[in-house]
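S.K.: My structure is below; once you've seen it, I'll send some questions.
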Amino acid sequence: MIINTENTKAQMRKGILEFCILLIIARGKAYTMNIIKDLKKSGLIVVEGTIYPLLTRLKNSGLLDYSWQESQSGPPRKYYELTEKGNETLKELAQNWEELTKSVLVLNKKYLNKK
Numbered sequence: 001m002i003i004n005t006e007n008t009k010a011q012m013r014k015g016i017l018e019f020c021i022l023l024i025i026a027r028g029k030a031y032t033m034n035i036i037k038d039l040k041k042s043g044l045i046v047v048e049g050t051i052y053p054l055l056t057r058l059k060n061s062g063l064l065d066y067s068w069q070e071s072q073s074g075p076p077r078k079y080y081e082l083t084e085k086g087n088e089t090l091k092e093l094a095q096n097w098e099e100l101t102k103s104v105l106v107l108n109k110k111y112l113n114k115k
């Protein structure tokens, strides 16, 4: 069986996307287009169609709240912010991420040193 590395890479990105969205919003209220720009700058290729359902799911899970703010260039914008539950979840995810990356780095060093 041949593993499609592009598919694996896409699945890895997809798996951490919610965590990354929470990290971005943790800095302060965030507008969807700003979230997308930050994700793209970070190398996580994202399209709008991917983000809106994730934001809705995070909001419905009680991790995010939003407010409408007037815009100087068009209709009012929806700005997201973390709830208390969102902050707690982010802390837990950050700790899990640290543990996971340490484990992967240990395995990666063993693999690279073997060659």
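Its first residue numbered 1, the sequence shown is counted upward by one per residue in UniProt numbering. Note that CB positions come from ideal geometry on N, CA and C, so glycine has one too. Values in this document were obtained by computation on a predicted structure and should not be read as measured data.
Got a sec? Which residues, its chain only, sit under 8 Å from I21 by beta carbon, not counting five neighbours each side?
M.R.: Excluding sequence neighbours, I21 sits near I35, L39, I51, L54, L55, L58.
S.K.: Just mark residue 132 as buried or exposed, buried being the case when its beta carbon has 16 or more other beta carbons within 10 Å.
M.R.: As displayed, the chain neither begins before 1 nor continues past 115, which places residue 132 out of reach and without an answer.
S.K.: Would you kindly work out how many angstroms separate the C-alpha atoms of T8 and I2, rounded to a whole number?
M.R.: About 12 Å.
S.K.: In the DSSP assignment, find the alpha helix (DSSP H) that holds L64 and state where it starts and stops.
M.R.: Note, L64: premise wrong, no alpha helix (DSSP H); beta strand (DSSP E) at 64-71.
S.K.: Tell me where the beta strand (DSSP E) around K78 begins and ends.
M.R.: Looking at the DSSP string, the run of the beta strand (DSSP E) that includes K78 is 74-82.
S.K.: Should V46 go down as buried or exposed, given a rule of 16 or more other Cβ atoms within 10 Å for buried?
M.R.: By the 10 Å Cβ count, V46 comes out buried.
S.K.: Ordered along the chain, which non-local residues of its own chain (more than five positions away) have a Cβ less than 7 Å from that of K85?
M.R.: For K85, where only same-chain residues beyond five positions count, the Cβ hits under 7 Å are G62, L63.
S.K.: Can the beta-carbon of L90 be found less than 9 Å from the beta-carbon of L100?
M.R.: Their beta carbons are not under 9 Å apart, which means L90 does not touch L100 by this criterion.
S.K.: Does the separation of the CB atoms of W68 and F19 fall below 9 Å?
M.R.: No. Outside cutoff.
S.K.: Could you tell me the distance, in whole angstroms, from the CA atom of E70 to the CA atom of M33?
M.R.: E70 and M33: Cα-Cα distance of roughly 15 Å.
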